[in-house]
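K.L.:
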Amino acid sequence: MLAWLAVLVVAGLGAAGLGKSFDNSFSLPGTSSQQALDQLERTFPQVSGTSVQVIFVAPSGESVRDQRERRAIDDALRAYRKIDQVDTVASPFDQHIDGAIAPQNRAALISVQLAADRGAVKQSTLGDITRVTGELRRAVPGSQVSAGGDAFAMNSVSISPTEVVGVVIALVVLTITLGSFVAAGMPLLNAILGVMITMAGIFAATGLAKVNSSTPMLALMLGLAVGIDYALFIVSRHRDQLRDGMEAEESAARSVATAGSAVVFAGLTVMIALAGLAVAGIPFLTTMGIAAAVGVAIAVCIALTLLPASLGFFGDRLRPKQPTTKRNRRPGGFFRGWVKVATRFPVITILVIVAGLGALALPARGLELALPDNGSAAAGTPARVNYDLVARYYGPGYNAPLIVTADIVGSDDPLGVMDDLKEQIEALPGVASVPLATPNADADTGIVRVVPSSSGTSAQTKELVQRIRDLGPAFEREHGTPIAVTGTTAIQIDVSDQLGHALLPFGILVVGLSLVLLTMVFRSIVVPIKATVGYLLSVGASFGMVALVFQHGFLAGPLNVDQQGPVLSFLPIILMGILFGLAMDYEVFLVSRIREDYVHNGRDPRSAIRTGFTSSARVVTAAAVIMFSVFAAFIPEGDATIKSIAVGLATGVFVDAFIVRMTLVPAVLALLGRHAWRLPGWIDRRLPSFDVEGEGLVHMVDLRDWPEPGSTGLLHAEELTVRAGYGARERLIVGSTQVSLQPGEVLVVDGDPEAATSLLWVLSGRMRAFSGRLKTVGMVLPEQAGSVRRRTRLIDLAAPALATSQERVRALVAARDSDAVLIMIDHLDRIAPGAESAALAELVHDAVSNGRGLVLSADAVDRVEALLPGQYLHLTLPTVGRPAARPATVGA
Numbered sequence: 005m006l007a008w009l010a011v012l013v014v015a016g017l018g019a020a021g022l023g024k025s026f027d028n029s030f031s032l033p034g035t036s037s038q039q040a041l042d043q044l045e046r047t048f049p050q051v052s053g054t055s056v057q058v059i060f061v062a063p064s065g066e067s068v069r070d071q072r073e074r075r076a077i078d079d080a081l082r083a084y085r086k087i088d089q090v091d092t093v094a095s096p097f098d099q100h101i102d103g104a105i106a107p108q109n110r111a112a113l114i115s116v117q118l119a120a121d122r123g124a125v126k127q128s129t130l131g132d133i134t135r136v137t138g139e140l141r142r143a144v145p146g147s148q149v150s151a152g153g154d155a156f157a158m159n160s161v162s163i164s165p166t167e168v169v170g171v172v173i174a175l176v177v178l179t180i181t182l183g184s185f186v187a188a189g190m191p192l193l194n195a196i197l198g199v200m201i202t203m204a205g206i207f208a209a210t211g212l213a214k215v216n217s218s219t220p221m222l223a224l225m226l227g228l229a230v231g232i233d234y235a236l237f238i239v240s241r242h243r244d245q246l247r248d249g250m251e252a253e254e255s256a257a258r259s260v261a262t263a264g265s266a267v268v269f270a271g272l273t274v275m276i277a278l279a280g281l282a283v284a285g286i287p288f289l290t291t292m293g294i295a296a297a298v299g300v301a302i303a304v305c306i307a308l309t310l311l312p313a314s315l316g317f318f319g320d321r322l323r324p325k326q327p328t329t330k331r332n333r334r335p336g337g338f339f340r341g342w343v344k345v346a347t348r349f350p351v352i353t354i355l356v357i358v359a360g361l362g363a364l365a366l367p368a369r370g371l372e373l374a375l376p377d378n379g380s381a382a383a384g385t386p387a388r389v390n391y392d393l394v395a396r397y398y399g400p401g402y403n404a405p406l407i408v409t410a411d412i413v414g415s416d417d418p419l420g421v422m423d424d425l426k427e428q429i430e431a432l433p434g435v436a437s438v439p440l441a442t443p444n445a446d447a448d449t450g451i452v453r454v455v456p457s458s459s460g461t462s463a464q465t466k467e468l469v470q471r472i473r474d475l476g477p478a479f480e481r482e483h484g485t486p487i488a489v490t491g492t493t494a495i496q497i498d499v500s501d502q503l504g505h506a507l508l509p510f511g512i513l514v515v516g517l518s519l520v521l522l523t524m525v526f527r528s529i530v531v532p533i534k535a536t537v538g539y540l541l542s543v544g545a546s547f548g549m550v551a552l553v554f555q556h557g558f559l560a561g562p563l564n565v566d567q568q569g570p571v572l573s574f575l576p577i578i579l580m581g582i583l584f585g586l587a588m589d590y591e592v593f594l595v596s597r598i599r600e601d602y603v604h605n606g607r608d609p610r611s612a613i614r615t616g617f618t619s620s621a622r623v624v625t626a627a628a629v630i631m632f633s634v635f636a637a638f639i640p641e642g643d644a645t646i647k648s649i650a651v652g653l654a655t656g657v658f659v660d661a662f663i664v665r666m667t668l669v670p671a672v673l674a675l676l677g678r679h680a681w682r683l684p685g686w687i688d689r690r691l692p693s694f695d696v697e698g699e700g701l702v703h704m705v706d707l708r709d710w711p712e713p714g715s716t717g718l719l720h721a722e723e724l725t726v727r728a729g730y731g732a733r734e735r736l737i738v739g740s741t742q743v744s745l746q747p748g749e750v751l752v753v754d755g756d757p758e759a760a761t762s763l764l765w766v767l768s769g770r771m772r773a774f775s776g777r778l779k780t781v782g783m784v785l786p787e788q789a790g791s792v793r794r795r796t797r798l799i800d801l802a803a804p805a806l807a808t809s810q811e812r813v814r815a816l817v818a819a820r821d822s823d824a825v826l827i828m829i830d831h832l833d834r835i836a837p838g839a840e841s842a843a844l845a846e847l848v849h850d851a852v853s854n855g856r857g858l859v860l861s862a863d864a865v866d867r868v869e870a871l872l873p874g875q876y877l878h879l880t881l882p883t884v885g886r887p888a889a890r891p892a893t894v895g896a
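The numbering used here numbers the first residue of the sequence shown as 5 and each following residue consecutively.
Given below as structure tokens:
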């Protein structure tokens, strides 16, 4: 606890010392629009910095050209010019500026150019601009005056009371699920601590890099959700074990080792997906993904360190008051009824769910994407008021001007070039006006300010940007002057395009990752495919709901969505990344219990589905309700950016947990039966395993004192069975076999050659495809296979590498001189008289004399009788396909 508090203090000090304001500007290195803007900062700094747009609307029946209004505006112009960081102030009455006065003289626009980037604008500067704007409003009673523009884009973070409601709901759900207020408080406190550290770190990072204002809100939303859920899984496992009578200290350790393994897996998948946002190659999105991934990493670390310490501190006080060993009392009839309905007619269940989610995903086909501007700000905020007034009196395009730059350094008529460029742009469809076309003082760079006839997020403006770019080659041939389109609007369009292009590679990355990871976890082909298809259904449903709400107005009133239109262009990629991690989370916690009942407890597929589902559904339900509540709490009062993400995540969590994982998954498993758990042997052998539920640790603990405490045996196997093949081709290689070997003993295995070879590979930790209990050199297999391989030697005399007598002798001598405590030799009957037999005799003598063990295999023991010691154990394996082997006997 003290260590984590120290981390919080350090992060807080970093935030206080390094923190600056958030930067909502968008950059896209390498694009023509970004390169043009960077060049403009060097050659035409007056127009490259952050700008403020002040709109003055005269009272009804009056004109901005009236004497009172004109005098008040002139006074404001002088006051604006005196403010720190202000570079230039353009008067709406300047004869060189077109369009600053609205039709019928009802409104005037004052352009204030700042000599600083958005992230470097001082709060005192914005405060002074707001003050002067207020003085202008008071100077003309009845007027409407508002300051907006880039500098007033949302650059702060605020938390509303509705977010707290999500935390309260989480506490209620935790208390009901865990049955203890103390136990319920642990996940919540752990999550809050993790979020505080993450938020402090993000604020500190603003002093080192550009951080979007949506970044901390995304990290807060995700950190709370996963922090509570991850801790819930561990605490729930701990309470179950305490209920079964386990000691508190051992239970805390085992909970972290078992449920904690699943938490690590779930956290890693979320972090990988979030880090994968860098695929888009957009700096602000990469920063957002890394910050959220760090928040998830902190939640995982707290769950694995602080939480077990807390469990140990409270000890038996967390033990349920009425312990019982009747586990079937706990899940309750509700979940048994749920899974019974889902699996009774699996084909119907699958068809209904796929059709329903497919229908919900249909609106996503018309999903329009764009980056946010002030038009998406909350109603009533200064930025939104200014945006609406400008759109009302000047048209929507005035809020999204384009800047066209011209490299006129080689021109002998810069003014003529700029006039011609202005005329050609004015003739393009979609142009409302061109209020400014001028070279800079050095006559090496010219700019044209273009006002579109549509808003910055519309498809028409995007088409206009492309028309201007298409104009470039012909204009350069005519005048020798290259042109480029830049400005905030153009860069945002380019960012949106690049995000759209990044969706496919990111989707391939996520889907491919899910297939590989789940195949490693469940050792199955069908389960990963089913999980991935379910994930895609959840993502499609969340996209569809976002389109329904934000583009078609469905539930817009209750959700406090006051404007319909395009949604965030980076929303799809963020939803895909986060929902991927959460979907894998629910899949692992639910299906791993089903697999455990099927593989390890020997239940038939349908029984395994029922028992596995009911034992895990309670916790999965609680986790999903908590996560849904946390996400949903950000919808009513959240800013437009977070609101759309929250709607998508809340929908995705609900659909994925309750419809896909808890309904579709059991139906698919019931339909496929045993085929759902098949994995071709060649894939199984090449694919690493991931013990996501800590089953291996439990297995090792259970066999710790087996076959007896303090046993020094080199080999001990019970009911050892080896199978090969897949599906209909599966066959038994070694039937139920018992093996025991003490130091200094020799075991000779004969009979079927394939069975003997397979047995030696299994005993030496080089083959995992077996069932039963097995310890080699005191280590449990298959969990400690790596350690077993390091302490054993396996020599296959039939291997191509040992084709010559010299190579065989060298292998036998190397085994004799090694530190291996158990040596296995396959195909012993390949030994030739002479040097090979002598080397084998030396090896046998050394092993028996020094307490090492030998396992030798041959087609028939009588063929190698002369090579064996006087006393040895003999195990005969039947022909492949028979049910069992004859037990080992002592040979003469």
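Don't be surprised by glycine CBs; every beta carbon is placed ideally from N, CA and C.
(1) For Val-438 and Arg-453, which I take to be in contact (beta-carbon distance under 8 Å), what is that distance rounded to the nearest angstrom?
(2) Count the other C-beta atoms from every protein chain shown that fall within 10 angstroms of the C-beta of Gln-470, then say buried if there are 16 or more, exposed otherwise.
(3) Which two residues bound the contiguous beta strand (DSSP E) that contains Thr-490?
(4) Met-666 by DSSP, collapsed to three states: which one?
(5) Using a Cβ-Cβ cutoff of less than 6 Å, which residues in the same chain neighbour Gly-379 once the five nearest sequence positions on both sides are dropped?
(6) Alpha carbon to alpha carbon, how far is Ser-150 from Phe-60?
(7) Using the DSSP secondary-structure output, state which residues sit across from Arg-258 in a beta bridge.
(8) What does DSSP give as the partner residue(s) for Pro-443 in the beta ladder?
(9) Under a three-way DSSP split, which group does Ser-620 fall into?
(10) With a 10 Å radius around its C-beta and 16 neighbouring C-beta atoms as the bar for buried, classify Thr-129 as buried or exposed.
(11) Looking at the unbroken beta strand (DSSP E) that takes in Gly-776, where does it start and where does it end?
(12) Report yes if the CB atom of Val-58 is closer than 9 Å to the CB atom of Val-144, and no otherwise.
(13) Suppose the cutoff is 7 Å on Cβ atoms and the five residues either side in sequence are ignored; what does the same chain contact list for Ile-357 look like?
(14) Going by Cα to Cα distance, which pick from Ala-257, Gly-293 and Ser-518 is closest to Leu-310?
(15) Assuming Gln-428 is part of the alpha helix (DSSP H), what are its boundary residues?
(16) Going by the CB atoms, is the gap between Phe-339 and Thr-625 shorter than 9 Å?
(17) Measure the C-alpha to C-alpha separation of Val-427 and Asp-660 and round it to an integer number of angstroms.
(18) Between the Cα of Pro-312 and the Cα atoms of Asp-244, Ile-238, Gly-341 and Gly-271, which residue gives the shortest distance?
(19) Less than 9 Å between the C-beta atoms of Val-455 and Ser-37, yes or no?
(20) Evaluate Asp-823 with the Cβ neighbour count: other Cβ atoms within 10 Å of its Cβ, from every protein chain shown; 16 or more gives buried, anything less gives exposed.
(21) With distances taken between CB atoms, is the gap from Ile-487 to Val-408 smaller than 9 Å?
(22) DSSP three-state call for Thr-796: helix, strand or coil?
(23) Short of 7 Å in beta carbon distance, which residues of its chain neighbour Phe-632, apart from the five on each side in sequence? Order them along the chain.
(24) Is the distance from the Cβ of Ser-255 to the Cβ of Val-623 below 9 Å?
(25) Just to check my reading of the structure: Thr-54 and Ala-213 have Cβ atoms closer than 8 Å, yes? What is that Cβ distance to the nearest angstrom?
(26) What whole-angstrom Cβ distance do Asp-725 and Ser-740 have, given they're in contact under 8 Å?
(27) Does Phe-757 come out as helix, strand or coil in the three-state DSSP assignment?
(28) Could you compute how far the alpha carbon of Leu-917 sits from the alpha carbon of Asp-320?
(29) Are the segment 381-396 and the segment 568-579 touching by the rule of at least three beta carbon pairs closer than 8 Å?
(30) Could you check what DSSP says for Glu-723 in three-state terms: helix, strand or coil?
(31) Measure the Cβ-Cβ separation of Ser-518 and Met-422 and say whether it is below 9 Å.
(32) Could you give the distance in angstroms between the alpha-carbon of Arg-794 and the alpha-carbon of Ile-687?
(33) Quick one: which unbroken alpha helix (DSSP H) runs of 4-plus residues sit fully inside the segment 334-421? Chain order, please.
(34) Quick one: is Gln-810 buried, meaning 16 or more other Cβ sit within 10 Å of its Cβ, or exposed?
(35) Specify the secondary structure class of Val-651 as computed by DSSP and reduced to three states.
(36) In the structure shown, what three-state DSSP assignment does Gln-502 receive?
P.N.:
Quick answer:
(1) 7 Å
(2) exposed
(3) 487-490
(4) helix
(5) Tyr-391
(6) 7 Å
(7) Note: Arg-258 sits in no beta bridge, so no partner.
(8) Gly-450
(9) helix
(10) buried
(11) 774-780
(12) no
(13) Ile-663, Thr-667 and Leu-668
(14) Ala-257
(15) 418-430
(16) yes
(17) In the sequence as presented, Val is not what sits at residue 427; that position holds Glu. Roughly 55 Å separates the two Cα atoms.
(18) Ile-238
(19) no
(20) exposed
(21) yes
(22) strand
(23) Ala-654, Val-657 and Phe-658
(24) no
(25) Not quite, the Cβ-Cβ distance comes to about 18 Å (not below 8 Å), so this is no contact.
(26) Looking at the sequence shown, residue 725 is not Asp but Thr. Right, their Cβ atoms sit about 6 Å apart.
(27) Looking at the sequence provided, one finds Pro at residue 757 rather than Phe. The answer is helix: DSSP assigns Pro-757 an H, G or I state.
(28) Absent from the model: residue 917. The displayed extent of the chain is 5 to 896, so no value can be given.
(29) no
(30) strand
(31) no
(32) 24 Å
(33) 337-348, 350-365 and 386-398
(34) exposed
(35) helix
(36) helix
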